[in-house]
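Here the protein sequences come in this chain order: A, B, C and D.
All residue numbers for the first sequence refer to the working numbering, where the first residue is 1 and numbers rise by one.
All residue numbers for the second sequence refer to the working numbering, where the first residue is 358 and numbers rise by one.
All residue numbers for the third sequence refer to the working numbering, where the first residue is 715 and numbers rise by one.
All residue numbers for the fourth sequence refer to the working numbering, where the first residue is 1072 and numbers rise by one.
Number of protein chains: 4
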Amino acid sequence: MSNTFGTLFRLTSFGESHGAAIGGIIDGCPSGIEIDLEFIQNELNRRRPGQSSITTQRDESDEITFFSGIFEGKTTGTPIGFAILNTNQHSDDYNHLKDVYRPSHADYTYQMKYGTRDYRGGGRASARETIARVVAGAIAKLVLKQAGISITAYTSQIGPIKTSLLYQQLDLTQTETNSVRCPDQIIAKEMQTFIEQCKSEGDSIGGIVTCVIKGILVGLGEPIFDKLQARLAYAMLSINAVKGFDYGSGFECVSQKGSEVNDSFTIENEKVTTKTNFSGGIQGGISNGQDIYFRTVFKPTATISKSQQTIDTEKQLINLEAHGRHDPCVVPRAVPIIEAMAAMVTLDAYLLNKTHN
Amino acid sequence: MSNTFGTLFRLTSFGESHGAAIGGIIDGCPSGIEIDLEFIQNELNRRRPGQSSITTQRDESDEITFFSGIFEGKTTGTPIGFAILNTNQHSDDYNHLKDVYRPSHADYTYQMKYGTRDYRGGGRASARETIARVVAGAIAKLVLKQAGISITAYTSQIGPIKTSLLYQQLDLTQTETNSVRCPDQIIAKEMQTFIEQCKSEGDSIGGIVTCVIKGILVGLGEPIFDKLQARLAYAMLSINAVKGFDYGSGFECVSQKGSEVNDSFTIENEKVTTKTNFSGGIQGGISNGQDIYFRTVFKPTATISKSQQTIDTEKQLINLEAHGRHDPCVVPRAVPIIEAMAAMVTLDAYLLNKTHN
Amino acid sequence: MSNTFGTLFRLTSFGESHGAAIGGIIDGCPSGIEIDLEFIQNELNRRRPGQSSITTQRDESDEITFFSGIFEGKTTGTPIGFAILNTNQHSDDYNHLKDVYRPSHADYTYQMKYGTRDYRGGGRASARETIARVVAGAIAKLVLKQAGISITAYTSQIGPIKTSLLYQQLDLTQTETNSVRCPDQIIAKEMQTFIEQCKSEGDSIGGIVTCVIKGILVGLGEPIFDKLQARLAYAMLSINAVKGFDYGSGFECVSQKGSEVNDSFTIENEKVTTKTNFSGGIQGGISNGQDIYFRTVFKPTATISKSQQTIDTEKQLINLEAHGRHDPCVVPRAVPIIEAMAAMVTLDAYLLNKTHN
Amino acid sequence: MSNTFGTLFRLTSFGESHGAAIGGIIDGCPSGIEIDLEFIQNELNRRRPGQSSITTQRDESDEITFFSGIFEGKTTGTPIGFAILNTNQHSDDYNHLKDVYRPSHADYTYQMKYGTRDYRGGGRASARETIARVVAGAIAKLVLKQAGISITAYTSQIGPIKTSLLYQQLDLTQTETNSVRCPDQIIAKEMQTFIEQCKSEGDSIGGIVTCVIKGILVGLGEPIFDKLQARLAYAMLSINAVKGFDYGSGFECVSQKGSEVNDSFTIENEKVTTKTNFSGGIQGGISNGQDIYFRTVFKPTATISKSQQTIDTEKQLINLEAHGRHDPCVVPRAVPIIEAMAAMVTLDAYLLNKTHN
């Protein structure tokens, strides 16, 4: 198991969905950072279920307890231990899954790898582990804010429904005004309707989250292997249900020529800038000062109520209709998780960059 | 700088394009592995320039020297040091780039990050550093072969031209029969024509490489953060010019529902398998024994002969027509690099998996 | 801050002396290990204060809570989160130290490094952080036990009083029968008297702990830099108040010649062994199957009641008579900590050794 | 195998005694550092054999070649690859050791761990690997020099002969004036005589090296586990033949009381300092600005000409009289190695300390 993320700013996390708690340790956070508890709790609230009709109705309060590393309201440079107690588990809801391997879920692979698994609520493979990521990301955001760096994500596509506007054309302050977290309000409504329809069919749907990092200085990213985009891809693909990542011109660049997507340098107000930003703010693995933007695609939730064929632990074919409480679409709740991972990667690169000269 | 890749099987690399040598150290290679020097040199030959009319005409022989870690033809468990001398540099070709920041290249970001840069041939940011990856990947392949695991990549798209066949429908033994490395021979010819046309225009083009890992056992991958797909994405995005990665159903899953892309478990010949493989062989970050397949997208080569506006190091606007010798399309030569990185990731996961029980 | 120890079996710890809790996360523990809670709590009890007249009278119950990683009594291969609440803090006892830098303590260096510090009870620099080490060490012992490996430490010297017997001549099952943890009962009494005398003078004293690892297989240790003795030294010197480490013939070998301390190989019962064991069970950084033994020296506790001159945070000279509750000698309570660190190092080496062929 | 040392400033090394070359890669070196090649070669010369009558007469020129990371005389922030060719091997001298396990050497443990070994000249277990350490240490010294930090080691004891003077009482500029590297000239002569006598007997002897780090700023060292003394101990115990380490008052503090060895803070020239320095410049794992000093003890060279009983690879008892060329005492040549490792540890701590606020 590898439950630590980051080189200098590091999160180590623990916790199963239906165990006693989810939590973690943040190591390497600079000292003297004011800890805005309300902000952190609010980030957790953005992630937690039960926020709207299109998310699971599990009502987890997800209240955080900090154990260490904060003294008189500020970080001390020592590790920040924290936990969120699991309080609203309905473990009995999962008894019918004890002896079953759900399709496209981690039941089978965990059982084979470890010879055992906590089957309740997905155990360690539950997306509930992302709580720890959101906490660490929130603290990373507080540090980055002092450096003028902000990170904002939003839902840009759900199933076939997508906004045709680029992030520059959208008012990202509108993201939190609707339950799908799409700042294009018209599209947001369509997305919501689409998700509700999937839910009513006992089915699920995926989507794409776009994330933008603004205010970044030149020089973040550690070539060769820890190029900034490599760390971002690593971070995003470590999130449950993510199937792909691209940045800047991304997969679309495939049909364009060099002369079309090269970003010419120019001078504006005596500062170096680029006329376009197909590079997505990163060149040679190092930030060039332009906005960084990237996309992360999520598959449809694996757990659905529709009947599916699968096998049980005795290798018998069975039909499964999952009960439990699950989201028909994880994308809206994934928005703060994407931001959190991006914040951790950015802060880590920021700290590493201090050590080069 | 972070020039080490891997946890147990680790490559640390060094070298600039026009420095004395490119090389590296492979640490953690199991002992007793027979080193097939011809195979390794052949892998290097697949990567090296000058192979055909559509690759750069730099004629680098790229002969490898091993310094250590091999005794009487077998690995000893000690680190394998190696180097490839740089012999065919035309450093003077790059004098006109000394004071210029090429668009969408790493010149500017390296200069800002480190306060200096070796401008000759791209320095450390040159794709020539991938030589070290190919060597380590070749050795990883030799180890994996003993475990019955094979890794094969091919060009599936160049510019707008793509094969409509899935990897299962292609004869992958045909990949090396044409210079674009596309096993769909008809498409291959179209790709070749398209690249030549771009070249004649002084322009460049990107594409997509598809990679397949076969024969993998159940259990590889280290959740939470070192999920197998996260390590693969990390590895691929660390390669120059890569803009995106997806695996299994990838970006296309976005418009499909859970009931459509869930992989039902079933029993075949008394063994657990899945009816479909939208999961791409990985569930919960752990291999499930099915084929792993993923796509990596490359942007068009940044260096083009067409005139581009940019700035020099004195922040003056200039027009640049790059000379030097460069590929109009990096994708065919990227095929062995993708395989090498996939091999390193797979072997690392394989070794880590030995330690869980 | 670096609060993670180990490569594959890893402890990450958190917690200040007077914060809410001390705890940690154990990552990489093999799955399927039965968790003997009584044993773990007993190890914690060996470490905790208030055990006898010669240890501090702080009465900390140090009851452990496990949050994750254990299911139906066994490890699952997922991270084991745990915490011990701090319940018996008398934080007001430390108000007089708020503005003072205690001599030979970490007050000054933490303040300078981080620009802040939690002055209550030593904060993060308190030996109370070793609770997390003891928990991880206890679990490591449970894993090692299955492999036939045992780890036993004892007090071999307090101040000028030392046992003249070698570990082979001592009955190590007697270690826990007296409060100084010296299996030489006559010497143990002298040690106890000596410590009580120091205490009555308001002074403190140091000592030496000897540790023995038995049942070890050949092959543990990862040269070049992670030689087994290097990892042991690293582990021991990371414990508060430790000033030195040696193993095998150690510092005494300095006056002996090669012909005197070389360990001749021989055959016993058809197995390779050595006639002597000046090597301390390690050759070339790798265990050779003989007992591993090493010594760790502790300085006298820095906090004493005797009046000392020092400075306050305003750089004024002051006289300090520390109140608080502190041990006159940390050595007896250090015995289980030494064992814990040795267990973590050994298990880590054991797991790493699985990956070489 | 773990052949990488350091967190931010990292050496990865390779090479066997009688392989093609010894070398390494230095990653994380700050950019813009002037590389004084003469200084580096001189450090290598201090380590190399054949310097005097008391060292082995192998005449290795040990000329270094740099492959990368240096441009126009300065570091670029990219990895520094280097190698030293092995030119003066008399591999045939070792044929008689092919089937023999030398007492107290690494022959047996390497064979058992890896199932194979390069028996020529000790293979990877040869002290010749320290060449790579000396190169990295020399570069670390060049960086540290800019920060006003110097590192000096000397021989303080050989067999029973030791200087009674403390490092403060010695003129450390005299260290290089004699072949044993002891700045106490009278004692140096006695040491030399003693070593020559051991040599004439076909025997070997150990000793102690004392090392002093001066000019260090307050704040270096990363608690909890990467305390500065823990990293130093780790570094020293990773060197062949080292059996122990202590710092500050070290093993001698065992018979002293807290009131005797506590270092009172005081003010001198308006700066915080301590009246004494039993702490050895480190408190709570963090440098306090005083001199850091520590001792490292070396066992006698394992390879001796005197006849010894041992076994061969067929488990038959045999008598061994080692030929080859070996040092009767490794201590004088270890002085630059100790300095090199101390420099790497110090620079690593220096770079890490930049990231805390």
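Using N, Cα and C, we set each Cβ at its ideal position, and we do this for glycine too.
Given the structure is predicted, the values throughout are model-derived calculations rather than measurements.
With respect to the beta strand (DSSP E) encompassing ASN1390(D), which residues constitute its N-terminal and C-terminal limits?
1388-1391 is the span of the beta strand (DSSP E), which, as asked, contains ASN1390(D).
Taking a contact to mean a Cβ-Cβ separation below 9 Å, would you say ALA147(A) touches ALA590(B) in this structure?
Contact flag unset, no.
Please go through the same chain and pick out, in chain order, the residues whose beta-carbon is closer than 6 Å to the beta-carbon of ARG760(C), but skip the five residues on each side of it.
Excluding residues within five positions, the ones whose Cβ falls inside 6 Å are PRO1050.
Closest to ASN1002(C) by CA distance: which of GLY1099(D), THR1223(D) and TYR1179(D) is it?
The option with the nearest alpha carbon to ASN1002(C) is TYR1179(D).
Does any residue of chain B bring its CB to less than 9 Å from the CB of PRO1403(D)?
It does not; no Cβ of chain B falls within 9 Å.
Taking beta-carbon pairs under 8 Å, can you tell me which members of the segment 826-839 of chain C lie near chain A?
Of all residues in the segment 826-839 of chain C, LYS827, TYR828, GLY829, THR830, ARG831, ASP832, GLY837 and ARG838 have a Cβ within less than 8 Å of some Cβ in chain A.
I want to verify the contact list: residues of chain C whose CB lies under 7 Å from the CB of ASN714(B), in sequence order.
The contacting residues are PRO744, SER745 and GLY746.
One question on the structure: do THR830(C) and PHE71(A) come within less than 9 Å of each other, judged by their Cβ atoms?
Yes; because the gap between Cβ atoms is below 9 Å, this pair is in contact.
For the candidate residues ARG1009(C), SER1021(C), ILE938(C) and LEU880(C), whose alpha-carbon lies nearest to that of VAL923(C)?
VAL923(C) has its Cα closest to that of ARG1009(C), out of ARG1009(C), SER1021(C), ILE938(C) and LEU880(C).
How would you list, in chain order, the residues of chain D whose beta-carbon sits under 7 Å from the beta-carbon of LEU8(A)?
Chain D residues near LEU8(A): THR1426.
Going along chain D, which residues have a C-beta under 9 Å from ASP1072(C)?
Outside the displayed range of chain C (715 to 1071) lies residue 1072(C), so it cannot be described from this structure.
Determine the closest residue to PHE992(C) out of MET1415(D), ALA1207(D) and PRO1174(D), with distance taken between C-alpha atoms.
When only C-alpha atoms are compared, the closest one is PRO1174(D).
Could you tell me the alpha carbon to alpha carbon distance between HIS1167(D) and ILE1389(D), rounded to whole angstroms?
The alpha-carbon atoms of HIS1167(D) and ILE1389(D) are separated by roughly 12 Å.
Between which two residues does the alpha helix (DSSP H) holding GLY972(C) run?
Residues 972-975.
Kindly indicate the opening and closing residues of the alpha helix (DSSP H) around LEU1215(D).
It spans 1201-1217 - the alpha helix (DSSP H) in which LEU1215(D) sits, taken as one unbroken run.
Quick one: what's GLY207(A) bridged to in DSSP?
Paired residue(s): ILE158(A) and PHE298(A).
Is it the case that the segment 242-255 of chain A contacts the segment 188-195 of chain A, given that we only count it when at least three CB pairs across the two stretches are under 8 Å?
No contact exists between the segment 188-195 of chain A and the segment 242-255 of chain A.
Between PHE298(A) and GLY207(A), how many whole angstroms is the CB-CB distance? I'm expecting something under 8 Å.
Yes, PHE298(A) and GLY207(A) are in contact; Cβ-Cβ is about 6 Å, under 8 Å.
Specify, as a first and last residue, the run of the alpha helix (DSSP H) that LEU1115(D) falls within.
That run of the alpha helix (DSSP H) goes 1108-1118.
In whole angstroms, give me the CA-to-CA distance for LYS74(A) and GLY32(A).
In a straight line, the C-alpha of LYS74(A) is about 5 Å away from that of GLY32(A).
Can a CB atom of chain C be found closer than 9 Å to the CB of GLU16(A)?
Chain C, which has a Cβ nearer than 9 Å to the Cβ of GLU16(A), makes this yes.
Determine the closest residue to GLY24(A) out of GLY244(A), ILE64(A), ASN262(A) and GLN308(A), with distance taken between C-alpha atoms.
The residue with the shortest Cα to Cα distance from GLY24(A) is ILE64(A).
Report the three-state DSSP secondary structure of SER1326(D) (helix, strand or coil).
Helix.
Mapping the DSSP letters down to three states, classify TYR1238(D) as helix, strand or coil.
In this structure, TYR1238(D) counts as helix in the three-state DSSP scheme.
Measuring CB to CB, does PRO328(A) end up less than 9 Å from ILE161(A)?
Taking 9 Å as the Cβ cut-off, PRO328(A) and ILE161(A) do not qualify as a contacting pair.
On the criterion of 16 or more Cβ atoms from any shown chain inside 10 Å, does THR801(C) qualify as buried, or is it exposed?
Exposed is the call here.
Does the segment 485-498 of chain B come within contact of the segment 389-398 of chain B, defined as at least 3 CB pairs closer than 8 Å?
Touching, yes.
Can you pull out the residues from the segment 807-823 of chain C whose beta carbon lies closer than 7 Å to at least one beta carbon of chain D?
Against chain D - using a Cβ distance shorter than 7 Å - the residues of the segment 807-823 of chain C are TYR815, PRO817, SER818, HIS819, ALA820, TYR822 and THR823.
Specify whether the segment 305-318 of chain A and the segment 620-627 of chain B touch according to this definition: at least 3 beta carbon pairs, one from each stretch, less than 8 Å apart.
Because the criterion of three Cβ pairs below 8 Å is met, the segment 305-318 of chain A and the segment 620-627 of chain B touch.
Would you call the CB atoms of THR1201(D) and ILE1284(D) closer than 9 Å?
Contact flag unset, no.
Going by DSSP, what residues sit across from TYR431(B) in a beta bridge?
It should be pointed out that residue 431(B) corresponds to Lys in this sequence rather than to Tyr. In DSSP, LYS431(B) forms a bridge with GLU391(B) and PHE428(B).
Can you tell me whether GLN157(A) is buried or exposed, with buried defined as 16 or more other CB within 10 angstroms of its CB?
So GLN157(A) ends up on the buried side.
Tell me which residues share the same chain as ALA587(B) and place their Cβ nearer than 8 Å to its Cβ, disregarding the 5 neighbours each side in the sequence.
The answer, listed in chain order, is GLY642.
Given a cut-off of 9 Å, decide if GLY962(C) and GLY995(C) are closer than it, judged by their beta-carbon atoms.
For GLY995(C) and GLY962(C), yes; Cβs fall inside 9 Å.
For LYS628(B), which three-state DSSP category applies?
Three-state DSSP puts LYS628(B) in a strand.
What does the Cβ neighbour count give for GLU757(C), buried or exposed, with the cut at 16 atoms within 10 Å?
Result: buried.
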